[in-house]
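Visitor:
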Amino acid sequence: MSTTPAAAPAPGPVPTPLARAAAVPVPPADSLAGRFPLTPNPSAADDAARARALRDLHFGSVFTDHMAHARWTRDGGWGEHGIIPFGNLSLSPAAAVLHYGQEIFEGIKAYRHDDGGVWTFRPRYNAARLAASARRLALPELPEEDFIASLVDLVRADEAWVPDGEGQSLYLRPYAFASEAFLGVHAADAVEYYVIASPCGAYFPHGLQPISIWVTREYHRAGRGGTGAAKTGGNYASSLLPQQEAAAQGCDQVCFLDDVTQANLEELGGMNIMVVNADGTVRTPRLTGTILEGSTRSAIITLLADAGREVVEDTISLEGLLSDIASGAVTEVFACGTAAVVVPLGRLKGEGFDVSIDGREVTRHIHDRLTSIQYGRAEDPHGWMYRLV
Ligand code: COI
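Position 366 of the sequence shown, counting from 1, maps to 376 under our numbering, and the rest follow consecutively.
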């Protein structure tokens with residue numbers, strides 16, 4: 011990255027409550043293992059079937075043999091932990107989640123390292139974020155170490171499903187929802203927690219190829235006081251129509267503006283945004299309560315500061331960004347998230363504008379820096395990696 015000043019690290023970001031929670035050390039996996047006892051799947055895939063399933067991986071369509079489960083009731087708290095065969099759920103048609111969307115989820119990956127070990131990235135970050143989402147959605151908080159234990163036990167049961175190809179990983183999807191059969195609108199008295207696992211390749215089929223973005227003025231992802239900072243299905247459901255609008259405009263993804271001024275960038279449907287300035291500094295929309303505090307966003311802010319770059323969490327207006335792209339003051343824009351990792355934005359389109367952005371250097375650097383830590387090919391200066399197996 012030739013534009014990186016060879017200076018000492020820039021002053022690091024002030025840690026958010028989530029980043030502070032994520033920094034609390036996690037006990038070794040061996041001491042958490044067994045909290046979710048295994049009931050083996052009698053129909054688990056044999057080696058040949060698994061090899062076939064792992065042959066041509068995309069995102070989110072292949073699932074492993076098992077899943078983690080825990081059940082909560084208002085009277086009994088969390089009980090019944092286990093790793094059970096992956097299979098369809100049995101749910102009352104009156105289950106509250108189907109009517110009122112009381113649901114939260116996470117996304118976190120397990121990476122196969124060259125020595126055969128399987129590691130994950132900052133699991134306490136996701137544990138703490140699931141707990142924060144639970145508070146916002148009036149769901150019970152799963153103790154953080156039970157969350158991490160569910161990942162340990164599931165990945166140990168399905169270790170053979172962790173792929174080892176370039177850029178591949180086992181995507182873990184923890185989620186919790188209101189299972190109480192009741193049509194009154196209240197915080198449910200019965201809740202299920204599951205983790206499913208999906209071996210995956212790149213989220214976007216063309217890997218680090220730039221994607222195109224439609225900036226919608228008609229729809230907003232979240233409003234002040236709403237659920238935008240929580241990872242809840244409704245935020246993603248409401249992004250689907252704007253995403254269709256983006257596709258109709260020939261774009262890969264939609265970008266949302268804030269709902270108050272309708273002028274400032276927020277995030278894409280499932281990724282945060284970063285803007286690289288010609289002077290080497292980087293900006294990202296500040297956390298306003300309507301933006302998801304991405305684990306990848308947080309890690310990238312730290313890695314950029316390590317590399318001597320000033321990272322500013324700021325209000326980024328669309329008009330300002332367009333004029334900075336036109337003048338050359340902005341050279342790159344990229345998106346980041348657990349599923350998508352880091353992807354360059356090559357085109358920004360909306361009512362009255364259609365511009366291309368050519369720079370890729372910082373985007374490529376940060377993609378490579380982050381993934382080399384995640385895959386165990388570079389030192390992990392912040393102790394982010396956690397060995398599962
Ligand atoms: C993730 O990046 O893990 C997410 O949850 C985003 C989702 C839209 C795939």
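Every residue, glycine too, gets a C-beta built ideally from N, C-alpha and C. No experiment lies behind these values; they were computed from the predicted model shown.
How close, in whole Å, do the beta carbons of Val5 and Glu169 come, if the pair is a contact with beta carbons under 8 Å?
Guide: Coverage of the chain is limited to positions 11 through 399, which leaves residue 5 absent and any answer about it impossible.
Visitor: Alpha carbon to alpha carbon, how far is Thr13 from Asp364?
Guide: Residue placement at Thr13 is poorly supported in this model, since its pLDDT is 42, which falls under 50; the coordinates still yield a value, given next. Approximately 27 Å, taken between the alpha carbons.
Visitor: Whose C-alpha, out of Gly386, Ile326, Asp56, Thr291, is nearest the C-alpha of Val372?
Guide: When only C-alpha atoms are compared, the closest one is Thr291.
Visitor: Give the DSSP-derived three-state secondary structure of Gly280 in the structure shown.
Guide: In this structure, Gly280 counts as coil in the three-state DSSP scheme.
Visitor: Would you check if the distance between the CB atom of Glu255 and the CB atom of Thr300 is smaller than 8 Å?
Guide: Taking 8 Å as the Cβ cut-off, Glu255 and Thr300 do not qualify as a contacting pair.
Visitor: Let me check understanding here. Comparing Cα to Cα, which of Pro391, Leu164, Gln259, Gly280 lies closest to Gly244?
Guide: Looking at the Cα atoms, Gly280 is the closest of the given residues.
Visitor: Buried or exposed for Ala120, please, with buried defined as at least 16 other CB atoms from any protein chain shown within 10 angstroms of its CB.
Guide: By the 10 Å Cβ count, Ala120 comes out buried.
Visitor: Three-state secondary structure (DSSP) at Phe157?
Guide: Correct three-state label for Phe157: helix.
Visitor: Taking its Cβ as the centre, do 16 or more other Cβ atoms sit within 10 Å of Glu276, making it buried, or is it exposed?
Guide: It is buried - the Cβ of Glu276 has at least 16 other Cβ atoms within 10 Å.
Visitor: Which of the three DSSP states, helix, strand or coil, is assigned to Gln384?
Guide: Three-state result, Gln384: helix.
Visitor: With which residues is Val286 paired in a DSSP beta bridge?
Guide: In the DSSP output, where bridge partners are listed per residue, Val286 has Val292, Glu342.
Visitor: Kindly indicate the opening and closing residues of the alpha helix (DSSP H) around Ser143.
Guide: From DSSP, the alpha helix (DSSP H) with Ser143 extends over 133-146.
Visitor: Looking at Gly280 and ligand 1, is the gap between the Cβ and the nearest heavy atom below 7 Å?
Guide: Answer for Gly280: yes, Cβ within range of ligand 1.
Visitor: Starting from Ile311, follow the beta strand (DSSP E) in both directions and report where the run begins and ends.
Guide: Unbroken run through Ile311 is the alpha helix (DSSP H), 305-316; no beta strand (DSSP E).
Visitor: Sort out for me which residues DSSP pairs Leu328 with in a bridge.
Guide: DSSP lists no partner for Leu328.
Visitor: Kindly indicate which residue of His216, Glu329, Ser249 has the alpha-carbon position closest to the one of Ala350.
Guide: Of His216, Glu329, Ser249, the residue nearest in Cα terms is His216.
Visitor: Cα separation between His91 and Leu152?
Guide: If you take the alpha carbons of His91 and Leu152, they lie about 11 Å apart.
Visitor: Determine whether the beta carbon atoms of Leu67 and Pro209 lie at a separation below 8 Å.
Guide: In contact: Leu67 and Pro209 (Cβ atoms closer than 8 Å).
Visitor: Ignore the nearest five residues each way along the sequence and tell me which others in Cys346's own chain have a CB closer than 7 Å to its CB.
Guide: Around Cys346: Met281, Asn282, Met284, Gly304, Thr306, Arg307, Ile310, Val352.
Visitor: Let me confirm a value: Gln253 is counted as buried when at least 16 other C-beta atoms fall within 10 Å, else exposed. Which label applies?
Guide: Gln253 is buried by the Cβ-count criterion.
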